[in-house]
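Trainee:
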Amino acid sequence: MAQGDSLFGIHGTALALRSQRLSLLASNIANAATPGYQARDIDFNSALDMAQRGYGADRAASQSVQYRIPTEASMDGNTVELSTEQTLFAENAVQYRTTLAFLEGRISTIRRALKGD
Numbered sequence: 336m337a338q339g340d341s342l343f344g345i346h347g348t349a350l351a352l353r354s355q356r357l358s359l360l361a362s363n364i365a366n367a368a369t370p371g372y373q374a375r376d377i378d379f380n381s382a383l384d385m386a387q388r389g390y391g392a393d394r395a396a397s398q399s400v401q402y403r404i405p406t407e408a409s410m411d412g413n414t415v416e417l418s419t420e421q422t423l424f425a426e427n428a429v430q431y432r433t434t435l436a437f438l439e440g441r442i443s444t445i446r447r448a449l450k451g452d
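Under the numbering used here, the residue at position 76 of the sequence shown is numbered 411, and the numbers go up by one with no gaps.
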C-alpha cells in the first residue's frame, strides 16, 4: 500500500475510479450517433474490490470494463442509449464530487493540524 493510500484510505482510489468512469461514460455519450459503437462502463464495485486487493486503480478499472447490453437493438449496431448514459454520468458525477469533498475536508484537517490550529 502506497503512503497516499494509507493517508486517504480507499477514498483516493475511489476518486480515481470515478474519474475514469466519468471519462468512459462521456465517451459513450459522444459516440451516441457513431454506427457500431459499443457502449462500455466500469463495474465500479468490482474495480474498487480489485483495488483493495492490491491492483492499481488503472488496472482495476481496465479489468472491470464491461459492454452495456441495450434494452432495444439499433439498426446501425450502436448500443448507446443516451438517456441511460446521461443518467449514469450525472449519478457518477455526484458521487465524484462527494468523494472529492470528503478528501478536501481531510486535507483541510491535516493542514490545520500541521499549522497547530
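Ideal Cβ positions, reconstructed from N, Cα and C, are used throughout, including at glycine.
Gln373: which of His346, Asn363, Ser381 and Met385 sits nearest, CA to CA?
Mentor: Residue 373 sits at position 38 when you count from the first residue of the sequence shown. The residue with the shortest Cα to Cα distance from Gln373 is Asn363.
Trainee: Keeping to the same chain, check which residues put their C-beta closer than 7 Å to that of Met336; ignore five residues upstream and five downstream.
Mentor: Along the sequence shown, read from residue 1 onward, the residue named residue 336 stands at position 1. Residue confidence is low: Met336 scores 41 on pLDDT, short of 50, so the model does not pin down where it sits. Its coordinate-derived value is still stated next. So the list is empty, once near-sequence residues are dropped.
Trainee: Relative to the C-alpha of Arg375, which residue among Ala395, Arg353 and Gln401 is closest?
Mentor: Indexing the sequence shown from 1 puts residue 375 at position 40. When only C-alpha atoms are compared, the closest one is Gln401.
Trainee: Which runs of the beta strand (DSSP E) spanning at least 3 residues fall entirely within the stretch 380-415, listed in chain order?
Mentor: 400-402
Trainee: When you compare only the Cα positions, how much space is there between Gly412 and Ala367?
Mentor: Position 77 of the sequence shown, counted from the first residue, corresponds to residue 412. Position 32 of the sequence shown, counted from the first residue, corresponds to residue 367. In a straight line, the C-alpha of Gly412 is about 11 Å away from that of Ala367.
Trainee: Taking the beta strand (DSSP E) that Asp376 falls in, what are its first and last residues?
Mentor: Taking the first residue of the sequence shown as 1, we reach residue 376 at position 41. Residues Arg375 to Ile377.
Trainee: Excluding the 5 residues flanking Ile404 on each side, which residues of the same chain have their C-beta closer than 8 Å to its C-beta?
Mentor: Locating residue 404 in the sequence shown gives position 69, counting from the first residue. The answer, listed in chain order, is Thr414.
Trainee: Are the stretch 383-391 and the stretch 343-351 touching, with three or more C-beta to C-beta distances below 8 Å?
Mentor: yes
Trainee: Can you give me the start and stop residues for the alpha helix (DSSP H) that Ala351 sits inside?
Mentor: One-based indexing of the sequence shown puts residue 351 at position 16. Taken as a continuous stretch (DSSP letters only), the alpha helix (DSSP H) holding Ala351 covers Ile345 to Ala365.
Trainee: Beta-carbon within less than 8 Å of Ser399's beta-carbon, same chain only, minus the 5 sequence neighbours each way: which residues are those?
Mentor: Position 64 of the sequence shown, counted from the start, is the residue given in the question as residue 399. Correct list, in chain order: Ile377, Asp378, Phe379, Ser381, Ala382 and Met385.
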